[in-house]
Amino acid sequence: MHDNQLQGKFPMVSSRSIIHYVDYSHNFFNGSIPPEMRNYLTYSVFFSLSNNRLVGAIPTSICDAPFPKVLDLSNNNLNDTIPSCLVNYEVLSVLILKENKLSGSIPGTFHGSCSLRNLDFSGNRLQGRIRKSLQNWRTRKSQTSFLVSWVDLSDNNLSGPIPQQFSGLTFLSVLNLSNNNLAGSIPTCRQLQIFDNTSYQGNPGLCGSPLAKTCSDSGTSRVGVNYMKSGTGIHGSPKSRIRIYVWVRWYYFTRAALAKLQNSVLAAD
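Sequential numbering from 40 applies to the sequence shown in our numbering.
Here is the structure:
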């Protein structure tokens with residue numbers, strides 16, 4: 040049902056409906072997401088409402104559903120805060136909430152039992168510090184190490200330093216913290232040094248490698264260097280290159296998950 044001209048309120052289904060793949064993206068649905076949306080997620084492994092005109096808060100009832108692996112609510116007008124249950128959802132692997140109007144801070148506690156591998160909160164109005172509890176993701180690496188993993192928190196209003204605990208996220212393939220208000224020196228751990236400067240640009244207070252801006256003895260950036268928030272060139276902006284990489288990887292991950300689901304359904308029949 041994706042990429043059509045569907046409009047109006049988001050349609051509901053019975054809690055007894057067995058739907059494994061739900062894609063209502065790129066339509067014109069408006070209004071808020073009703074709590075009954077969990078009926079779609081009872082058996083779904085993939086659920087997308089991206090690129091619509093939805094408003095309001097994300098209902099916490101989503102977290103009552105047992106099976107979703109991929110949840111994409113990006114490119115809407117959703118506001119309020121991010122429900123903390125989403126980042127501790129034991130079955131959820133991919134959470135895409137980019138390009139909304141979500142505010143507040145990043146949910147405070149990432150438990151070691153969560154299965155999140157790919158998280159995109161970019162292009163919102165999030166504030167506060169990056170949570171040190173992100174380090175808990177490393178406890179799940181051995182179970183899903185074959186998956187590409189990324190964290191995109193770019194284009195928000197996050198502040199403070201980059202936590203040293205990020206050094207524990209050794210499985211990350213993509214990290215984008217650009218265009219925030221982060222400050223201080225970039226940790227020198229190997230994990231954070233493998234990413235190029237596009238992961239950190241647009242934070243006037245950040246300094247240290249891989250940025251060209253050096254730090255003073257106090258760990259603050261030296262004055263006199265101005266970084267553009269976006270780049271141009273024959274290969275496009277740095278942010279565009281990151282987006283392309285991320286979405287290609289997500290595409291292949293989703294295809295693999297759906298193929299596995301289809302095989303299991305055929306075997307059951």
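Cβ atoms here follow ideal geometry from the backbone N, Cα and C, with glycine treated the same way.
Flag this pair as yes or no: are the beta carbons of P226 and F210 separated by less than 8 Å?
No, they are not a contact pair.
Between the Cα of F160 and those of N91, K137, N69, S123, spot the shortest distance and give me the residue it belongs to.
Of the candidates N91, K137, N69, S123, K137 places its Cα closest to the Cα of F160.
Three Cβ pairs or more, each shorter than 8 Å: is that satisfied between the region 76-86 and the region 103-119?
Judged by Cβ distances under 8 Å, the region 76-86 makes contact with the region 103-119, as three or more pairs qualify.
Have a look at F86, N116, L231 and flag the residue whose alpha-carbon is nearest the alpha-carbon of G162.
Of the candidates F86, N116, L231, N116 places its Cα closest to the Cα of G162.
Inter-residue Cα distance where the pair is L158 and F49
Looking at the two C-alpha atoms, the distance is approximately 24 Å.
In angstroms, rounded to a whole number, what distance separates the CA positions of S214 and G223?
For clarity, residue 214 is Leu in the given sequence; the question names Ser instead. Roughly 17 Å between the two C-alpha positions.
What does a CB cutoff of less than 6 Å around G247 pick up in its chain, not counting 5 residues either side in sequence?
Within the same chain, S224, I225, C254 come within 6 Å of G247 by CB-CB distance, once the 5 residues on both sides are set aside.
K140 beta carbon less than 8 Å from that of R164
With respect to the 8 Å criterion, R164 and K140 are classified as neighbours on the basis of their beta carbons.
Are there 16 or more other CB atoms within 10 angstroms of the CB of G241, so buried, or fewer, so exposed?
With 16 or more other Cβ atoms within 10 Å, it is buried.
Is I169 closer than 8 Å to I135 when the C-beta atoms are compared?
Annotated as distal: I135 and I169, with beta-carbon spacing of 8 Å or more.
Delimiting residues of the beta strand (DSSP E) encompassing R170
Looking at the DSSP string, R170 is not in any beta strand (DSSP E), and its letter there is neither H nor E.
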